[in-house]
Amino acid sequence: MFGIKTKIINNLTKNFEVVDTNKSISKIETIALMHLIKQELEKESNFLDIQHPISKKANAFASQIIKETGDFMPNNLGNWSIKKPTLLSHRLEKRSLEIIKNYYQAPKTILGHFSSGSTEGNIYATWVGRNYLLKKLGLTNSQKKIALLKTKLSHYSLSKAVDLCQVESFEIKLDMQNWCMDENHLLQTLTKLYQKGYRGFLLPLTLGYTITGSDDNYQNINELIENFCLKHKNCKCFVWLDAAFSGVSKIFLEENFQPFAQSQVQLITADLHKFLAVPYPAGFILYRPNLLNYIKRDIFYIDQWDTTLLGSRPGISVIASWFSLLNLNRSIMQSKLANCLQRKEKFLEKIRKIDQKITIVNNPSSLQACLLIKANDSRLKKKIESSGRLRGERLQWQQDGKQQNFLFYKLYFFADL
Numbered sequence: 003m004f005g006i007k008t009k010i011i012n013n014l015t016k017n018f019e020v021v022d023t024n025k026s027i028s029k030i031e032t033i034a035l036m037h038l039i040k041q042e043l044e045k046e047s048n049f050l051d052i053q054h055p056i057s058k059k060a061n062a063f064a065s066q067i068i069k070e071t072g073d074f075m076p077n078n079l080g081n082w083s084i085k086k087p088t089l090l091s092h093r094l095e096k097r098s099l100e101i102i103k104n105y106y107q108a109p110k111t112i113l114g115h116f117s118s119g120s121t122e123g124n125i126y127a128t129w130v131g132r133n134y135l136l137k138k139l140g141l142t143n144s145q146k147k148i149a150l151l152k153t154k155l156s157h158y159s160l161s162k163a164v165d166l167c168q169v170e171s172f173e174i175k176l177d178m179q180n181w182c183m184d185e186n187h188l189l190q191t192l193t194k195l196y197q198k199g200y201r202g203f204l205l206p207l208t209l210g211y212t213i214t215g216s217d218d219n220y221q222n223i224n225e226l227i228e229n230f231c232l233k234h235k236n237c238k239c240f241v242w243l244d245a246a247f248s249g250v251s252k253i254f255l256e257e258n259f260q261p262f263a264q265s266q267v268q269l270i271t272a273d274l275h276k277f278l279a280v281p282y283p284a285g286f287i288l289y290r291p292n293l294l295n296y297i298k299r300d301i302f303y304i305d306q307w308d309t310t311l312l313g314s315r316p317g318i319s320v321i322a323s324w325f326s327l328l329n330l331n332r333s334i335m336q337s338k339l340a341n342c343l344q345r346k347e348k349f350l351e352k353i354r355k356i357d358q359k360i361t362i363v364n365n366p367s368s369l370q371a372c373l374l375i376k377a378n379d380s381r382l383k384k385k386i387e388s389s390g391r392l393r394g395e396r397l398q399w400q401q402d403g404k405q406q407n408f409l410f411y412k413l414y415f416f417a418d419l
């Protein structure tokens, strides 16, 4: 009997690799295969990996509502923050955005929609921003006139956005004390590019760099951009916040987190499938209402405008997000976050005891941290990697005429939701 069971399991496991399109599997095989898939996912989720930037399991509330609604396929086509919706998932998208806006202490006029995540958010922001700058500056194309400015640590999705939107990009130096955008070099670069004839600048600022967890100082940069535009009347900047990782945790950790209070911030993109552990795809984008005029498209067959990138979007992840936000209120989240930060500090204290020469990048209002050593320091590498299942990522670039060569150990401390 054991041999037969093993043979069946082995045969079923082959379905992960090869599919015979000429025949269907039996009902018994279907049930057994579902069990195997669940087993495999359970095994993967139980593997403790503090270097993985996503929760391995959905939060209990999202899991519960998806189980109850999994038979349905609501389609969220269009933007439901700008009109009165009637269908359930459309209404809940609008309601979820109102809850999120309230957490951000955003003006009531701010609009938004759910997205697949912040890769889409960055592409969307670049597209909207480019069209905004073309219109405001009276340009017919972006060549040698519009530039996107980013750092070495900015998310790689920006390189996709630059390619798709056909704008040039330039790299701003890192402030290697705080591991964020160097504000002095930003001003120097803006000035040099302006002198070369560039008049429009796309500026994505990061809250929670994937590698380090550090933030760009968006408040200082907001003031810098305001002053630059006052001095250069015939130029425009389009600033947004890529808050994929920290955009949700900050609303509970920082008492006065109001990104839209900064005059230059036009848009913010963040992910609910990271810290909040809502199953993919569950991101959101918030933006100022005037931006819709630069990208809206007529859906002629349903007499409606679309102001999103994807068009059709899954309503189930919206419902799961709404149900999670409803059950995980501010006090619960603050308690969970306090526990996460406590675990982070305990872990980092152990690292400090291993060797004082290990650089620790620790943003106090982030669930991230990063260990940093010179790439050729095999002694410290061995110490770090023997202390736990950690793996370093090599990062090298040129700055100030010097080759920078580091090993980064990125760390994430999630709550059990």
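Be aware that the sequence shown starts at 3, since it is given in our numbering, and climbs by one per residue. Think of the CB as a built atom: it goes at the ideal place given N, C-alpha and C, for glycine as much as any other residue. These figures come from a predicted structure and were not determined experimentally.
Cβ pair count under 8 Å reaching 3, the segment 86–97 against the segment 234–251: Here the segment 86–97 does not lie against the segment 234–251, with fewer than 3 beta-carbon pairs under 8 Å apart.
E347 at chain C interface by Cβ criterion, 8 Å: Among the protein chains of the structure shown there is no chain C, as only one such chain exists.
Nearest neighbour of S216, chosen from D418, K412 and A417 [CA to CA]: Nearest of D418, K412 and A417 to S216, Cα basis: K412.
For E173, three-class secondary structure by DSSP: Strand, per DSSP.
Meets three-Cβ-pair contact criterion under 8 Å: the segment 108–124 and the segment 284–301: Result yes; three or more Cβ-Cβ pairs closer than 8 Å.
Cβ neighbours of D308 in the same chain (closer than 6 Å, five flanking residues each side left out): Only G80, R299 and I301 meet the Cβ criterion.
Reference E170; option with closest CA among R393, L350, G72 and A149: Residue A149 is the option with its Cα nearest to E170.
I353 versus R332, L274 and L382, residue with shortest Cα-Cα distance: From the listed residues R332, L274 and L382, the smallest Cα separation to I353 is found for L382.
Three-way DSSP call (helix, strand, coil) for W129 in this model: Collapsing the DSSP output to three states places W129 in a helix.
Span of the beta strand (DSSP E), counted from its first residue to its last, around K404: Residues K404 to Y414.
Per DSSP, cross-strand counterpart(s) of I362: Assignment of beta-bridge partners to I362 by DSSP yields L373.
Beta-carbon proximity check, F254 vs F416, cutoff 8 Å: Not in contact: F254 and F416 (Cβ atoms no closer than 8 Å).
Three or more C-beta pairs below 8 Å linking the segment 190–209 and the segment 154–171: With contact defined as three or more Cβ pairs closer than 8 Å, the segment 190–209 and the segment 154–171 are in contact.
Range of the contiguous alpha helix (DSSP H) that encloses F262: Element bounds for F262: n/a, residue is neither H nor E.
Simplified DSSP assignment, three categories, for P206: In the structure shown, P206 sits in a strand (DSSP, three-state: E or B).
Nearest-angstrom Cα separation, counted from Q53 out to L392: Cα-Cα distance, rounded: 7 Å.
Reference I304, options N295, Y296 and S314, closest by Cα: Per the Cα distances, S314.
Counted within 10 angstroms of its Cβ, other Cβ atoms place E351 as buried (16 or more) or exposed: E351 comes out exposed.
Outcome for F4 when other beta-carbon atoms lying within 10 angstroms are tallied against a minimum of 16: Since pLDDT at F4 reaches only 47, below the 50 mark, its modelled position is unreliable, and the value read off the structure follows with that caveat. So F4 counts as exposed.
At least three beta-carbon pairs within less than 8 Å, the segment 291–298 to the segment 255–264: Output reads no: the segment 255–264 does not touch the segment 291–298.
Buried/exposed call for A108, threshold 16 Cβ in 10 Å: The residue is buried, with at least 16 neighbouring Cβ atoms inside 10 Å.
Nearest candidate by alpha-carbon position, reference W399, set K384, S389, Q266 and A377: Residue A377 is the option with its Cα nearest to W399.
Candidates L192, Q358 and Y414: closest to I174 by CA position: Looking only at L192, Q358 and Y414, the smallest Cα-Cα distance to I174 is reached by L192.
Assigned secondary structure, K276 (DSSP; H/G/I helix, E/B strand, else coil): Secondary structure of K276 (DSSP, three-state): coil.
Segment limits, beta strand (DSSP E) that includes H187: For H187, there is no enclosing beta strand (DSSP E); the residue is part of the alpha helix (DSSP H) that begins and ends at E185 to Q197.
Sub-8 Å separation of Q358 and G210 beta-carbons: Contact flag unset, no.
Alpha-carbon to alpha-carbon, S159 and L243: Rounded to the nearest angstrom, the two C-alpha atoms are 14 Å apart.
Which residues DSSP lists as bridging V241, in chain order: DSSP, once it has assigned bridges, lists L205 and V267 as partnering V241.
7 Å CB neighbourhood of R396 in its chain, flanking five on each side removed: Correct list, in chain order: A377 and L409.
Contact belief for L294 with Q268 at Cβ below 8 Å, rounded distance in angstroms: Not quite, the Cβ-Cβ distance comes to about 12 Å (not below 8 Å), so this is no contact.
Length of the line joining the Cα atoms of I270 and P76: Going by the C-alpha atoms only, they are around 25 Å apart.
Beta-bridge pairing of A284 - partner residues as DSSP gives them: Beta-bridge pairing by DSSP links A284 to no other residue.
In DSSP terms, what N77 is bridged to: Answer is P316, bridged to N77.
Closer than 7 Å: L243 CB and nearest the ligand ADP heavy atom: The model on display carries no ligand, and the ligand ADP is accordingly not part of it.
M3, DSSP secondary structure in three states: Here the model assigns M3 a pLDDT of 44, short of 50, so the residue's position is not dependable, and the following value carries that caveat. Three-state DSSP puts M3 in coil, outside helix and strand.
Identified DSSP bridge partners for Q53: DSSP, once it has assigned bridges, lists no residue as partnering Q53.
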